[in-house]
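Engineer: Under my numbering, the letters of the sequence shown match residues 3 to 71, in that order.
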Amino acid sequence: MNPTLKGVAYVSVWVMLWGTASSLADFVLLQRGIYETGTTGQGITFAAYGIAAVVLAVRLAGRFLKPEP
């Protein structure tokens, strides 16, 4: 596979994972009344999941983006 296409696909998958995981956590926190829509808590939730996704993506990149022999 083209390395550029492989990189774009890799980042796209991580964006989808981040969005899905943070939205599920946000849904639960909103339903339990931990915070309201549009508050700092909601921003922190999405930012924290974003940071975690970046860290995991960088750590796992070598496994998925290594050049094919």
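Every residue, glycine too, gets a C-beta built ideally from N, C-alpha and C.
Going residue by residue through the segment 26-64, where are the continuous beta strand (DSSP E) segments of at least 3 residues, counting only ones entirely within it?
Structural biologist: Here no run is fully enclosed.
Engineer: Determine, using beta carbons only, whether TRP16 and GLY52 come nearer to each other than 7 Å.
Structural biologist: On the sequence shown, residue 16 is found 14 positions in, with the first residue counted as 1. On the sequence shown, residue 52 is found 50 positions in, with the first residue counted as 1. Cβ distance not < 7 Å, so TRP16 and GLY52 don't count as in contact.
Engineer: Could you tell me the distance, in whole angstroms, from the CA atom of ILE36 to the CA atom of LEU58?
Structural biologist: Taking the first residue of the sequence shown as position 1, residue 36 is located at position 34. Taking the first residue of the sequence shown as position 1, residue 58 is located at position 56. When rounded, the distance between both Cα atoms is 27 Å.
Engineer: Secondary structure at THR68, three-state DSSP: helix, strand or coil?
Structural biologist: Here residue 68 refers to the residue found at position 66 of the sequence shown. This sequence places Lys at residue 68; Thr is not what is there. In this structure, LYS68 counts as coil in the three-state DSSP scheme.
Engineer: Residues in the same chain with beta-carbon distance under 7 Å from LEU67, minus the five sequence neighbours each way, listed in chain order, please.
Structural biologist: On the sequence shown, residue 67 is found 65 positions in, with the first residue counted as 1. Result list for LEU67: LYS8, GLY9, TYR12, in chain order.
Engineer: Which residue from ASN4, MET3, PRO71, LEU31 puts its Cα closest to that of TYR47?
Structural biologist: The residue you call residue 47 lines up with position 45 of the sequence shown. With the sequence shown as reference, residue 47 is identified as Thr, and Tyr is not the correct amino acid for it. The option with the nearest alpha carbon to THR47 is LEU31.
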